[in-house]
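A short write-up of the structure that comes next.
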Amino acid sequence: MKIKNKMKNRYKIFQIISIALIAFGVLSCESYLEEVPQNKLNPTTVTDYRELLNYGYVTKERIMPYLEALGDDVDLKLEDRARDAVNGDAYMSAYLFEPTHETTLGTDIAFARLYQSIYYANLVITRIDEAESVTLGDDMQDFKDNLKGEAYALRAFSYFYLVNLYGQHYDPATASSDFGVPINFSTGAEDKAYPRATVEEVYNLMASDLDNAVNLMEANVIEKTSKIQFNSQSARALQSRVALYMQEWDKTIEAATKVLDVNNTVNDITGLTDMFNEDEYSEYFSLRVGPDYLDADNSNIFFVNGVTENIPLVNYYPTYTTFSVNRELEDLYDEGDIRKYYFLGILDRVVSGIPFEKLVTLKNRSTTSFFGRYQPTSFDGYSRVLRVEEVLLNRAEAYAKNGDLQLAIDDLNAIRVKKIEPSFYTDLAVGSFTQETLIDYIFEERRRELCFEGHRFFDLKRTTRPGMTRTGYKGDITIESTLLQDDPRYVLQIPESELEANPDIMRAPR
3 MKIKNKMKNR YKIFQIISIA LIAFGVLSCE SYLEEVPQNK LNPTTVTDYR
53 ELLNYGYVTK ERIMPYLEAL GDDVDLKLED RARDAVNGDA YMSAYLFEPT
103 HETTLGTDIA FARLYQSIYY ANLVITRIDE AESVTLGDDM QDFKDNLKGE
153 AYALRAFSYF YLVNLYGQHY DPATASSDFG VPINFSTGAE DKAYPRATVE
203 EVYNLMASDL DNAVNLMEAN VIEKTSKIQF NSQSARALQS RVALYMQEWD
253 KTIEAATKVL DVNNTVNDIT GLTDMFNEDE YSEYFSLRVG PDYLDADNSN
303 IFFVNGVTEN IPLVNYYPTY TTFSVNRELE DLYDEGDIRK YYFLGILDRV
353 VSGIPFEKLV TLKNRSTTSF FGRYQPTSFD GYSRVLRVEE VLLNRAEAYA
403 KNGDLQLAID DLNAIRVKKI EPSFYTDLAV GSFTQETLID YIFEERRREL
453 CFEGHRFFDL KRTTRPGMTR TGYKGDITIE STLLQDDPRY VLQIPESELE
503 ANPDIMRAPR
């Protein structure tokens, strides 16, 4: 549908309003059924609904900073615990897989915040068609339909994180009986029980929502100036991820291919040969070649959400945490792989007269260039994104699962050729792999490329759910904790405040 110039200009005004609202933050709520902004309870115009949906996006807020502590890319240096034992302990219960990760964390806000997003999406989905136009002589139906599609995508995105944090993983053989998370279509604060839906029900809702999202936004194209809002491309990228988790290989390939047919730009870092430097690697505070790897302005990025969740866990903030990047991840990067130097660095300091060294992540950089170089930062950037490299890896895994090894290798090489210094690069060859070893390699490549973007724990959970043994501490007492193969603690406990408010939500077994 062709958009009138007047509509385009009006939409730009909507975007300015939207971004301004987002900059002022989002109101918090005690539970996922309560407290929406009072002035937005009765939206009437299309503009009102545009503003309302903006409240559903997590923006300048860290809601799951413990997520990387659950995976195996994070390590703990016991000798550093004196740096700040109180704050350093905040992620200890997650790291040690205690019965609830809130023991040392305090209240986990992710559950309430994601259901708040769902609430706003529900309002838009159910009421946008009634909204009054703000453009004379134009009912703005194309805008309404696009906004409804965006709301469907946001709802699916929110359920993706909810079910992967607080529900069981998707297994086609048992999904119809495995427990997921509550499904809530409410648009009001209702006094009713919300028991858990099954994993199958939650994933089927996500798949349906993404179908609706793509169809509505593709049929009613509205230009969007910000990647913090879903469009049809980012919705399709999420569709490829959800299909992958559901082990629907053909659907994964179909969704990924449609994304890549429009944009297959891989972030090319091969020209940054002067950052391939051991001296810089061991000096955190040196200015780095290359901008923020996950900058929303990068052409390979489809969607960004929230802020980086990696501070203080594995980024520079030594007085807050004793955790560091696991050296096992560092060792996965072959000689010539520039990502090792782009993503990781050694923080070597003396704090209060005590030597301090740990491996930290450098994916996030300042947006200000100093003569073409950038300062690593703990505070800028994102760690929840949808981008070309993930979509290629989703498709590569699906190809490999289908037995199309050459096609899977082609997708891997499309990434690797843009990440490895040219004098070290050689194409992967199909004759070097069996189906099993290729799938293992794809999982390793996901770990290398997608590290510290919230994927690793979910990848472990959806695949092998391996056992892990860790050593931590409580005060001056050293503690060893073992997570067994297929351990029920791969499912996080829903926050205690929510369980008390809604006793019909089953507690996760321990």
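In the numbering used here, the protein residues as written are 3 to 512. Idealized CB from N, CA, C, for every residue including glycine. None of the values given here were measured: they were computed from a predicted structure.
Is residue i helix, strand or coil by DSSP?
i           : result
residue 362 : strand
residue 306 : strand
residue 483 : strand
residue 301 : coil
residue 476 : strand
residue 78  : strand
residue 64  : coil
residue 271 : coil
residue 445 : helix
residue 341 : helix
residue 326 : strand
residue 450 : helix
residue 168 : helix
residue 295 : coil
residue 492 : helix
residue 134 : strand
residue 230 : coil
residue 101 : coil
residue 469 : coil
residue 387 : strand
residue 435 : coil
residue 91  : helix
residue 259 : helix
residue 422 : strand
residue 314 : coil
Rounded to the nearest angstrom, how far is the Cβ of residue i from that of residue j, given a contact under 8 angstroms?
i           : j           : result
residue 153 : residue 393 : Actually they are not in contact, since the Cβ atoms of residue 153 and residue 393 sit about 22 angstroms apart, beyond 8 angstroms.
residue 1   : residue 431 : The structure shown does not extend to residue 1, since the chain spans only 3 to 512, so no value can be given for it.
residue 91  : residue 328 : Incorrect: roughly 19 angstroms between the Cβ atoms, too far for contact.
residue 396 : residue 290 : Actually they are not in contact, since the Cβ atoms of residue 396 and residue 290 sit about 29 angstroms apart, beyond 8 angstroms.
residue 230 : residue 272 : No, residue 230 and residue 272 are not in contact; Cβ-Cβ is about 29 angstroms, not under 8 angstroms.
residue 312 : residue 70  : 6 angstroms
residue 234 : residue 305 : Not confirmed; about 11 angstroms, so no contact.
residue 310 : residue 383 : 5 angstroms
residue 484 : residue 474 : Not confirmed; about 12 angstroms, so no contact.
residue 454 : residue 363 : 5 angstroms
residue 416 : residue 316 : Not confirmed; about 28 angstroms, so no contact.
Excluding five sequence neighbours on each side, which residues of the same chain lie with their C-beta closer than 6 angstroms to the C-beta of residue i?
i           : result
residue 403 : 251
residue 482 : 473
residue 94  : 106 and 474
residue 151 : 215, 218 and 219
residue 189 : 124, 125 and 128
On the criterion of 16 or more Cβ atoms from any shown chain inside 10 Å, does residue i qualify as buried, or is it exposed?
i           : result
residue 264 : exposed
residue 62  : exposed
residue 372 : exposed
residue 218 : buried
residue 215 : buried
residue 418 : buried
residue 255 : buried
residue 227 : exposed
residue 149 : buried
residue 502 : exposed
residue 487 : exposed
residue 160 : buried
residue 293 : buried
residue 512 : exposed
residue 211 : buried
residue 65  : buried
residue 466 : exposed
residue 477 : exposed
Residues in its own chain within less than 8 angstroms of residue i by CB, not counting five upstream and five downstream?
i           : result
residue 47  : 133, 134, 135 and 136
residue 3   : Caution is warranted here: a pLDDT of 33 is assigned to residue 3, below 50, making its placement in the model unreliable, and no coordinate value can be reported.
residue 262 : 390, 393, 394 and 397
residue 509 : 495, 496 and 501
If I measure Cβ to Cβ from residue i and keep anything under 7 angstroms in the same chain, skipping five residues before and after, which residues do I get?
i           : result
residue 253 : 245
residue 109 : 497 and 499
residue 407 : 432, 435, 437 and 440
residue 247 : 172 and 464
residue 258 : 242, 393, 396 and 397
residue 98  : 472, 474, 481 and 483
residue 331 : 75, 449 and 453
residue 178 : 200 and 202
residue 504 : 195 and 196
For this session: Could you tell me whether the segment 102-109 touches the segment 123-132, using the rule of 3 or more Cβ pairs below 8 angstroms?
Result: With the cut-off at 8 angstroms, the segment 102-109 and the segment 123-132 do not touch.
For this session: Assess, as a yes-or-no matter, whether the segment 298-315 is touched by the segment 423-438 under the definition of 3 or more beta carbon pairs within less than 8 angstroms.
Result: No: the two stretches stay apart, fewer than three of their Cβ pairs being nearer than 8 angstroms.
Problem set entry | the segment 180-188 touching the segment 197-214, judged by at least three CB pairs closer than 8 angstroms | Yes: the two stretches touch, three or more of their Cβ pairs being nearer than 8 angstroms.
For this session: Taking 8 angstroms as the threshold, find out whether the segment 486-494 comes into contact with the segment 167-184 through three or more Cβ pairs.
Result: Yes, they touch.
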